[in-house]
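In our numbering, the protein residues as written are 12 to 510.
Every residue, glycine too, gets a C-beta built ideally from N, C-alpha and C.
Step one of this worksheet: look at the structure below.
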RNA sequence: GGGCCCGUAGCUCAGCUCGGUAGAGCAUCUGGCUUUUAACCAGGUGGUCGUGGGUUCGAUUCCCACUGGGCCCGCCA
């Protein structure tokens, strides 16, 4: 056996379940030798592809009798004497190829003899139908494009073990093509959000992921150490808000960033420690502007992608026809349980925490109000719903509600019971901002680990004068779940973190 | 962090209740077959039964701990 491909050697990096997902197959190594002996390179440089499987199938009437060349992985082989059916899978789907030995030259015959399921093959041939009516490529020439050393999972059940699917996403993708479709839809959505913001004149920017002072959200950060700067303590960003606002202050007017944010907290079906959102800031606008924008953005995406405004999510029909519902949740909570969370004191919060059995670690008004929403109102947000106006104390970076100083101008957009966007009429008064930071600092000292630290530099920037601005964070992960009918965020993250 | 379930061949799974040194299908290998599509027929290879400890003459099976994963609950998007 070739030493380079000693299986222990080649696979020791994987310790999954005390083993590995497949072994190196010695027979395949022999095939490689056989091909090379005959002067055929099993790992060539390129191949001219003219068609994909789906194209051929979708346009069979025009394609019949024409020569095509396509490439992909052999997923199944059915050999019967001098004829072999090979199902070739490319990015678009699968198509059957029909190989008759007596129609092949020596070279192709040799490739065929040394092919197995899992190999990447190039197929040149004529579009036709088999006797049973299956659209096929009648093969004239078969080319080895990449010889596999490992065995594919079985063709019936494929790879279903969730852990194996995430750890070996490459195998998941080849065995479960709908996974590729999921990530195509995610990609389309991200593209659509970018297009929307570009069309408004937004400038896409990049701001630091490694930050001296984190902020812009309530969350526990990841800490890092920068050794060449004297072991300086730095943080992975929990949000890019404070940097984007500095750009607004500088006069950029409309800026956005596709932002990977990091929050040092537990993962579950709707949370991943590393997640993607787009934050967008628009000068001279307020949060009303963004309600309209979200209605347009989501409805046009759904219509363009699915050809309808109504999609199924977990058995329920979600209708993206604008305008979306608006839920004045503080008012509704007052009606349901008599508590006005906008005026809730620390003592009241603690009492409600006990009475409602919320069992919060920090039973302060912020966490109690948040958890009351989850308990009583979240279940009503299957349809796209703007959750309107939050208690001012929940929004340290937001302007107060016109006509009601107890509330702040903020909405969260929920769809399928998931928060997918969060938007504000941004606070621009530097003196009020300073006070809000001081309050946060007090919470922090009281033990709220999630309260962000005081950011003097940011206040300094705001003291130059920040124009009226609307801000929004648009989740990419959760809408991707919605559009692909997934219940776990890991299904829309290509490589979710594993222990 | 709490509760429940799971880890046996490369993959998908039986076996465990009631302890006696491991089984199927697919994959792979050999042979047969020139229109199959879960092709078929015959034969073969393949397992430190997640890890460690305990009980026992004997443990994949019973007990404990650990580890990895899934689902539900609590918390941040």
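Inter-residue spacing [alpha-carbon to alpha-carbon] between residue i and residue j
i	j	result
residue 500	residue 282	7 Å
residue 131	residue 155	7 Å
residue 323	residue 460	39 Å
residue 292	residue 251	11 Å
residue 329	residue 222	39 Å
residue 125	residue 167	24 Å
residue 129	residue 406	54 Å
residue 484	residue 67	42 Å
residue 385	residue 342	15 Å
residue 478	residue 82	55 Å
residue 393	residue 53	53 Å
residue 93	residue 183	33 Å
residue 332	residue 75	42 Å
residue 165	residue 70	31 Å
residue 185	residue 103	12 Å
residue 90	residue 112	11 Å
residue 391	residue 352	19 Å
residue 249	residue 219	11 Å
residue 358	residue 202	47 Å
residue 230	residue 51	57 Å
residue 179	residue 187	12 Å
residue 317	residue 193	13 Å
residue 398	residue 444	24 Å
residue 431	residue 488	9 Å
Of the residues the options, the one placed nearest residue i, counting alpha carbons only
i	options	result
residue 260	42, 468 and 504	468
residue 149	143, 135, 162 and 159	135
residue 465	226, 314, 377 and 385	226
residue 105	64, 290, 471 and 303	64
residue 339	238, 60, 80 and 422	422
residue 122	146, 151 and 147	151
residue 434	258, 486, 95 and 68	486
residue 60	163, 503, 133 and 409	133
residue 228	326, 462 and 71	462
residue 208	72, 304 and 438	304
residue 108	73, 146, 114 and 116	146
residue 401	45, 429, 420 and 344	420
residue 271	286, 442 and 376	286
residue 301	204, 367, 344 and 41	204
residue 55	344, 158, 350 and 45	158
residue 409	436, 350 and 96	436
residue 210	244, 239 and 308	308
Own chain residues within Cβ distance below 6 Å of residue i, not counting five before or after
i	result
residue 86	98 and 100
residue 78	137
residue 379	360, 363 and 364
residue 374	360, 361 and 364
residue 321	328 and 330
residue 266	214, 216, 255, 258 and 292
residue 49	121
residue 17	Unreliable placement is indicated for residue 17, whose pLDDT of 31 sits below 50; no coordinate value is reported for it.
residue 387	347
residue 455	462
residue 161	33
residue 62	79 and 81
residue 510	none
DSSP bridge partner residues for residue i (one or two, in chain order)
i	result
residue 289	269 and 485
residue 380	Residue 380 pairs with nothing; no bridge assigned.
residue 254	Paired residues: none, contrary to the question.
residue 237	243
residue 139	147
residue 98	87 and 107
residue 328	323
residue 336	396
Close Cβ partners of residue i (< 7 Å) along its chain, the five nearest in sequence each way excluded
i	result
residue 284	273, 274, 275, 276, 278 and 508
residue 144	none
residue 253	226, 227, 466 and 469
residue 354	417
residue 119	152 and 153
residue 295	478 and 479
Check: residue i C-beta below 7 Å from any heavy atom of the ligand NAD
i	result
residue 90	As far as ligands go, the structure on display features none, and thus does not contain the ligand NAD.
Same chain, Cβ closer than 8 Å to residue i, neighbours up to 5 away in sequence not counted
i	result
residue 396	335, 336, 337, 338, 424, 425 and 426
residue 319	313
residue 246	221, 222, 223, 224, 225, 232, 233, 234 and 235
residue 325	427, 496 and 498
residue 506	177 and 180
Cβ pair count under 8 Å reaching 3, the region 472 to 489 against the region 168 to 180 = Contact between the region 472 to 489 and the region 168 to 180 is absent, because fewer than three Cβ pairs lie under 8 Å.
ask   = Is the region 196 to 216 touching the region 489 to 498 in the sense that three or more CB pairs, one from each, lie closer than 8 Å?
value = With the rule of 3 Cβ pairs closer than 8 Å, the region 489 to 498 counts as touching the region 196 to 216.
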